[in-house]
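Residue numbers 996 to 1156, in the working numbering, belong to the letters of the sequence shown in order. Single-structure report; data block below.
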Amino acid sequence: MVKRKMILISVLVAAVLSAGVSFLPGSAQAANSYVGTATCAGCHDKEYANFSKFAKKAHSDRSIKVMAKKLTPEEVKECYACHTTGYGQPGGFESFEKTPDLAHAGCEVCHGPGSAHVDAGGTKALIKGKGRMNVKECEKCHSSERVSNFRFKPMLYGGAH
């Protein structure tokens, strides 16, 4: 009887894993696509106003455009990972012409792709909120090599929000 239960459990686990556990937040996050900061502004107008006014990354595309004159096309592409939204990810920034709404480091850089969140009417479980963010994610761009003085808590609780 115990052997039979173990086989049944093993089959169920294998079925769930092979089907893809799409009901988990991480999996939902992976299936998301980027919608752009302007879409976020529709429901989060106060946050958008603060972001636009106080967050340097709201205008990070300007840095790329200024520096592009002095860099090779390959060097410019190296800037995209930190200065745009979703570069190198499915549905992320491709170019200033093709994806202008993702040309700066917008909301989805920190909060993750937002299409599932938007499609579900703003369901909080489908987007990274303050409680689900950590400094390790920020360090992809805000490393000591690139930024000399990055303060996670002030950025998380002020400025951009």
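For glycine and all other residues, C-beta sits at the position ideal for the given N, C-alpha and C. These numbers were taken from a predicted model, which means no experiment stands behind them.
Spatial neighbours of residue i in its chain, beta-carbon cut-off 7 Å, leaving aside the 5 residues before and after
i, result
"Y1075", "Y1082 and F1088"
"I1122", "H1106, G1107, G1109 and H1112"
"A1053", "F1046, S1047 and H1099"
"K1135", "none"
"C1035", "Y1043, C1102 and G1109"
6 Å Cβ shell around residue i - same chain, five flanking residues per side excluded
i, result
"A1063", "V1071"
"E1103", "Y1029, T1080 and G1109"
"T1091", "The sequence given here has Phe at residue 1091, not Thr. Once the five neighbours on either side are set aside, the close Cβ partners of F1091 are A1098."
Beta-carbon proximity of residue i to residue j, cut-off 8 Å
i, j, result
"G1101", "T1118", "no"
"D1114", "G1031", "no"
"P1085", "S1138", "no"
Same chain, Cβ closer than 8 Å to residue i, neighbours up to 5 away in sequence not counted
i, result
"C1038", "G1117"
"S1058", "C1074 and H1078"
"S1055", "C1077, H1078, T1079, H1099 and A1100"
"G1124", "H1106"
"V1011", "Any reading at V1011 must be qualified, since the residue scores a pLDDT of 36, below 50, and its modelled position is unreliable; the value itself is stated next. Here the set comprises nothing."
Outcome for residue i when other beta-carbon atoms lying within 10 angstroms are tallied against a minimum of 16
i, result
"V1061", "exposed"
"D1040", "exposed"
"T1067", "exposed"
### Task
Run through the region 1068-1128 for me and flag every whole alpha helix (DSSP H) of 4 or more residues, listed as ranges in chain order.
1068-1078, 1102-1106 and 1110-1114
### Task
Can you check the region 1021-1063 for any alpha helix (DSSP H) of at least 4 residues that lies completely inside it and give the ranges in chain order?
1032-1036, 1040-1049 and 1055-1063
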